[in-house]
Structure formats: C-alpha cells, structure tokens
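The numbering of the sequence shown is this note's numbering, which starts it at 896 and goes up by one. Backbone N, C-alpha and C define an ideal beta-carbon position, used for all residues, glycine too. If you're wondering where the values come from, they're calculated on a predicted model, not measured in any experiment.
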Amino acid sequence: MLLDLHELLQLEQRAAIAAVEGMGGAGKTELAIQYATRHQKDYLGGICWFGLRETNPAAQILAFAQSKLNLEVPQELGNRRLELEERVSWCWEKWQPAEGLVLVVLDDLTDLEDCLPFLPKDRRFRVLITSRLRHLDPGFIKEISLDVLSEDAALQLLEALVGQERVEPETEKAKELCKWLGYLPLGLQLVGSYLTKKPLWSLAKMLSRLQAQKLDSEALDLSEAQRRRSLNTAELGVRAAFQLSWLELEPATQEVARLSSLLAGDIFLWQWIESAAEKLDWPDSVIENAIAQFQQHHLLQQPQPARSAFKFHPLIRQFLQEKFPESAEASNFKEAVAATMAAVAREIPDSPTRQQIESMRIAVPHLEEVAQNLTDAISDEDLVWPFLGLGRFYEGQGLYDLAERWLEQCLSIAQDRLGSDHTDVATSLNNLALLYSSQGRYAEAEPLLQQALELTKNLLGYDHPHVAISFNNLAEIYKFQGRYEEAENLYMQALELKKTCWVTTIPTWQIASTTWHYSTSLKDATLKQKPC
896 MLLDLHELLQ LEQRAAIAAV EGMGGAGKTE LAIQYATRHQ KDYLGGICWF
946 GLRETNPAAQ ILAFAQSKLN LEVPQELGNR RLELEERVSW CWEKWQPAEG
996 LVLVVLDDLT DLEDCLPFLP KDRRFRVLIT SRLRHLDPGF IKEISLDVLS
1046 EDAALQLLEA LVGQERVEPE TEKAKELCKW LGYLPLGLQL VGSYLTKKPL
1096 WSLAKMLSRL QAQKLDSEAL DLSEAQRRRS LNTAELGVRA AFQLSWLELE
1146 PATQEVARLS SLLAGDIFLW QWIESAAEKL DWPDSVIENA IAQFQQHHLL
1196 QQPQPARSAF KFHPLIRQFL QEKFPESAEA SNFKEAVAAT MAAVAREIPD
1246 SPTRQQIESM RIAVPHLEEV AQNLTDAISD EDLVWPFLGL GRFYEGQGLY
1296 DLAERWLEQC LSIAQDRLGS DHTDVATSLN NLALLYSSQG RYAEAEPLLQ
1346 QALELTKNLL GYDHPHVAIS FNNLAEIYKF QGRYEEAENL YMQALELKKT
1396 CWVTTIPTWQ IASTTWHYST SLKDATLKQK PC
C-alpha cells in the first residue's frame, strides 16, 4: 500500500495528488503518518500536515506560512487588494526551502470544492489527501481505497494487541472476530483494549459478547437516521465494540464523555474539560478517573502529551454524540462548555503576537464549534466572546476575510439576541468598523462608527470614556479620507471629553492618531489601544 501510494505521488503532472479514501476507522490517517515518516528523505522541500475536518483550509495554509516559514503574507500587491485565493497562491510560490519536493498532507477532507482553489499548482508539490468521500475527482485525483485491512493484516494487528499466545489457539475464532469487526483497525484496537483487561476471556467469549449486542436499533439505541448511516457491517462491528467499552465505564465517566463530545472533533486541552466540570460542581476525582478510563479503553488519543492535549477518533466522537441526549444534564453540559470556551476567547488579545497566535490555535476549532452549534447555550454576558475571539485571532494575522465573517456574525447575533439598543451591539459595530478601516474600506466603516457613537451616547451618556473613543475612531476615518475639518472637530470633542472623564484612564498622548477597540463591552471600562 505504501509503495502504491508513493508511485502515485511521483507522477509527473501539474501537481501530483493522491487520495487515500475509505470509511472512518480504516486507518487512513495512520497510513498517511507512516508514509510521511518513511519518505522524509524524498521531500527535501519539507512536509506539512493540515487537518481539515474542523478548520478552514486557507486559514491553516496562511497560518503555516506565517508561523513555520516566517513569511509575511501581503494584503495587497501593486495597490490592489489580494483575494484570499491569491494570498494562498503567493504562499506556495514563496515556499521555503525554495528547492526540493514538498509533501502536503490534507487529512480528513470533507469538502473538495472548499479546498480545490487553495491547492498548489507547481509540480514540486505532492498532495496527499485522506477522506471518507469516494471518487473525489477521478480526472484530477488518483485514489487508493482503504476501506478495510486484509484478513492477514487484521490478524497481525490483533496478535500485536493481545498477544500471539491468545490468538494461535483460536485462529478460526480470531478470523471470525476480525470479520465481525469489519477488519477495521479502530474496532480491533477497541477489542484489544477490552481483552487486555479480561485476561481470562477467550476470543470465542469476546465474539459472543459482541454478537450479543444484536446490532439493532433497540440494543444500540439508534435513531432511524443513525441506523441508515450505519448499515455498513464494518461500522456496526466497531459500534458493538464501542458499546461494550461504554458499558464498562463508570456512570460518572460516561457523563464526562458526553460532556467532551460537545467540543469539536479536533485536539483539545484537558484543562477545558476540567473547567467545564468545575462549573458543574463535579469533584476533581471524577475528571481524574475519567481520563484514566478513557485511555484504558482506547477511547482517547494523546497527540500532544506535553500540553495535555487529547483527541477522540472521529467515529468514537460520533458514538459519544449519540449518547449525549441520554443525559439529564445535557442543557447544563452545553452551558458549561459554552462558558468555558468563552473564557478561552477572552484570553485572545486584541493584537496578538505570533507566539500568542500559535498558543491559541488549538482553541480555534472549538470556538467555531461553540459559535456554530452552541449559540443558544451561551449566556448573554458571554454572547459576543466566541465570535470576537475568532475575529481577533484572524485579524491579528492579517486574515481579514476570515475575521470579517466572525465579526459580522458577532454583530448579527448581538442584535438578534440583545436588541438594537444594547452596549454589546455598539461594541460589535465598532469592532467591525475598525476591521473595515484596517482594509481601507472607509466608506463601509463610517456608518458603523456613526451608529456606534449614537448608541454609546444614548446608552451611557455623553460624559463617558467610550463616547470619546467613538469620537476618536470616527475622526480617524475622516482623516484617512482627507476630511480634515470634520476629523478635527471630532478630535477636539474627544479631547474635551478626555479632560473631564478620562483623566485617570490613559495618558494624554494616547488620544490622537490611534483607533481604539472597546475591550468587549461598553460596560467594561478597560480600554485597549489598536494602532492604525
């Protein structure tokens, strides 16, 4: 398989693209890891890995170019603003080192159309895609199917997991067991982990227990939609193996698993689970015991041990999500996770450094998950934070197209939930306007800042520091447009306000030639400077 994959990737064409396709649990990612590890010397231009299930591909490519290649990706060339696709193309053109083949791994692709515009076109790049999708583009992408292991490979994996001494006496039962599990590595790993804790169990007994699950909607509590998705025999076998492991978990650990399933299907920090558990008043022992049980049952992977960062296999997460509605605390779980990630978003500064961006990158898929799927669970107090955090993360990298999406949603959801006359709406107007201003879109920024100014005066009164901020920000827009008299008038009003209500807040020299973000809410008197 590795040899076939290497041959496909060495084809001389515009950019050699090979796809390893197959169902979840078939070992696609593991195959890609093995290939990249074994063939490092063939790719002197470097190897880069992008996980695509939860994250925007363009954002990952631009972030990689900035953080790993130290490239300063331009916003415009020749006085023309570059579109997102053009900026990604610029990154491929400026790739470092400048010589040698480059391997680009796109893991767990879910939408080819979203990804195609951002693929490299130069022949020095070799693109390896893993995906559950079939027949991605037969005329453009060469595919290798990896639905299941061969019988021999499955037996070898089972032996490696439980020991040859347990497999050899029951070779025929071992073959039946592998077949029942659809020859999927994930299923074999779950069963291997289960058998390790049951040293006296025979393979025949293990198979009997799996078959006893009956694999029907009643035994596995599947909805009609879930059963339609799960007609594949292999996945049903993995589901049965998961069900046995699930029943072995303590009830408190099952609740932690349901809670964890609310995060995105990407690497997460265990401290977020601890934080959510604290909001639910769970004792520390519950969380400590849960992580130990997850690992014992092979339900949790740890790609980054140094950061206590973990990940559920996509199929395991799917199964856990199906268990989620069974909890009587489901709504409380959503609120706890939403509050936890809102607190994480608050840690993203208005102008993050490169180091801060790298540190917060792991949180982005989970902030997006909350913003997209847990909006109803976010409290009014935290409502704008997931959106604002994402906006800051992308704006801090100059990824204005991506920041705009989240800041626009921030404004929309604040208006829908809180009404037009709310301080968080004024905050959202101000921040979106400043994003437009950063791109030279002054005509679009001006009316938003005017609305923010009027709202601020109406809600907080004229003699409030944030009114001075609004005067200052609007003056900056006028200055950039050459409307100096109007700008001067607003600067003077901001200065007068500063003298009366801002004396203890910031030094006088900071009032001019800067734009200001409200910290998040106009209710918060903290001010943060954002240079133009």
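Own chain, CB closer than 6 Å to residue i, minus 5 neighbours either side, in chain order
i, result
"Leu939", "Gly995"
"Leu1350", "Ala1321"
"Ala1159", "Glu949, Pro1260, His1261 and Glu1264"
"Leu1001", "Phe945, Leu947 and Ile1024"
"Tyr1386", "Ala1370"
"Trp1167", "Thr1235"
"Ala1346", "Strictly speaking, residue 1346 in this sequence is Gln, with Ala absent from that position. Excluding residues within five positions, the ones whose Cβ falls inside 6 Å are Leu1324."
"Pro1402", "Model confidence at Pro1402 stands at a pLDDT of 34, short of 50, so the residue's coordinates are unreliable and nothing is read from them."
Enclosing beta strand (DSSP E) for residue i [first to last residue]
i, result
"Gly940", "Per DSSP, Gly940 belongs to no beta strand (DSSP E) and is neither H nor E."
"Arg1287", "Unbroken run through Arg1287 is the alpha helix (DSSP H), Trp1280 to Glu1290; no beta strand (DSSP E)."
"Thr1025", "Phe1020 to Ser1026"
"Ala1204", "Ala1204 to Lys1206"
"Leu1001", "Val997 to Leu1004"
Same chain, Cβ closer than 7 Å to residue i, neighbours up to 5 away in sequence not counted
i, result
"Cys986", "Ile956, Leu957, Ala960, Leu966 and Val968"
"Glu847", "No answer is possible for residue 847: the residues shown for the chain start at 896 and end at 1427."
"Asn1227", "Leu1175"
"Gly1082", "Gly920, Leu1076, Gly1132, Val1133 and Ala1136"
Cβ-based burial, residue i [other Cβ within 10 Å; buried from 16]
i, result
"Arg1018", "exposed"
"Asp1245", "buried"
"Ala1136", "buried"
"Thr932", "exposed"
"Leu1110", "Unreliable positioning characterises Leu1110 in this predicted model, as indicated by a pLDDT of 47, which lies under 50. The coordinate reading is nonetheless provided below. Answer is buried; the Cβ neighbour count reaches 16."
"Arg1061", "buried"
"Glu1217", "buried"
"Pro1094", "exposed"
"Asp1277", "buried"
"Leu906", "exposed"
"Asn1367", "buried"
"Lys1206", "buried"
"Ala1055", "exposed"
"Trp1397", "Residue confidence is low: Trp1397 scores 49 on pLDDT, short of 50, so the model does not pin down where it sits. Its coordinate-derived value is still stated next. The residue in question, Trp1397, is buried, as its Cβ has 16 or more Cβ neighbours within 10 Å."
"Gly1132", "buried"
Sequence-distant residues of the same chain with beta carbon closer than 8 Å to residue i, five excluded per side
i, result
"Leu898", "none"
"Pro992", "Leu939, Gly940 and Gly941"
"Lys1418", "Confidence in Lys1418 is poor, its pLDDT being 37 and thus under 50, which makes the residue's placement too unreliable to answer from."
"Glu1065", "Ser1097, Leu1098 and Ala1099"
"Ala1204", "Ile1162, Phe1163, Leu1164, Trp1165, Gln1197, Pro1198 and Ile1257"
"Cys1010", "Leu947, Pro952, Leu1001 and Leu1004"
Near the ligand SAH: residue i beta-carbon under 7 Å from a heavy atom
i, result
"Gly1286", "Looking for the ligand SAH in the displayed structure turns up nothing, as the structure carries no ligands at all."
Option in the options with minimal Cα separation from residue i
i, options, result
"Thr1091", "Thr1005, Asn1184, Leu1142 and His1193", "His1193"
"Asp1003", "Asp1009, Lys1068 and Lys923", "Lys923"
"Leu1392", "Phe1207, Gln935, Glu1143 and Gly1356", "Gly1356"
"Asn1184", "Val1086, Glu1145 and Ala1363", "Glu1145"
"Trp1293", "Ser1156, Leu906, Leu979 and Leu964", "Checking the sequence shown, residue 1293 turns out to be Gly, not Trp. Nearest C-alpha to Gly1293: Leu979."
"Lys1070", "Leu1385, Leu1095, Met1101 and Phe1205", "Met1101"
"Tyr1078", "Gln1346, Leu1053 and Trp1096", "Leu1053"
"Gly1284", "Asp1006, Glu1381, His934 and Ile1243", "Ile1243"
"Glu1341", "Ser1365, Asn1227 and Pro1360", "Ser1365"
"Leu1313", "Gln1059, Arg1300 and Val1279", "Val1279"
"Lys1352", "Asp1316, Asn1384 and Glu981", "Asp1316"
"Leu1215", "Arg1202, Ile1252, Ser1170 and Leu1142", "Leu1142"
"Ala1223", "Leu1175, Leu1076 and Ile928", "Leu1175"
"Trp1301", "His1361, Ala1240 and Pro1247", "Ala1240"
"Glu988", "Ala1147, Phe1013, Asn974 and Arg975", "Phe1013"
"Arg1021", "Ser1103, His934 and Gly1058", "His934"
"Lys1394", "Arg1104, Glu1383, Ala1363 and Asp1047", "Ala1363"
First and last residue of the uninterrupted alpha helix (DSSP H) at residue i
i, result
"Gln961", "Pro952 to Ser962"
"Gln1267", "Val1259 to Asn1268"
"Phe895", "No answer is possible for residue 895: it lies beyond the span of the chain, which begins at 896 and ends at 1427."
"Leu1302", "Tyr1295 to Leu1313"
"Leu1215", "Pro1209 to Lys1218"
"Gln1345", "Tyr1337 to Leu1355"
"Val1239", "Ala1225 to Arg1241"
"Pro1200", "That residue, Pro1200, is in no alpha helix (DSSP H); it is neither H nor E in DSSP."
"Glu1169", "Trp1165 to Lys1174"
Quiz item: Should the segment 1216-1232 be called in touch with the segment 1267-1284, which here means at least 3 C-beta pairs below 8 Å?
Solution: yes
Quiz item: Do the segment 1327-1339 and the segment 1359-1378 touch if we need at least three Cβ pairs shorter than 8 Å?
Solution: yes
Quiz item: Is there contact here, the segment 1133-1151 with the segment 1187-1204, by at least three beta-carbon pairs under 8 Å?
Solution: yes
Quiz item: On the three-pair Cβ rule with 8 Å, is the segment 1323-1330 touching the segment 1294-1308?
Solution: yes
Quiz item: Can at least three beta-carbon pairs, one atom from the segment 1246-1266 and one from the segment 1282-1296, be found at a separation below 8 Å?
Solution: Touching, yes, given that three or more Cβ pairs across the two stretches are closer than 8 Å.
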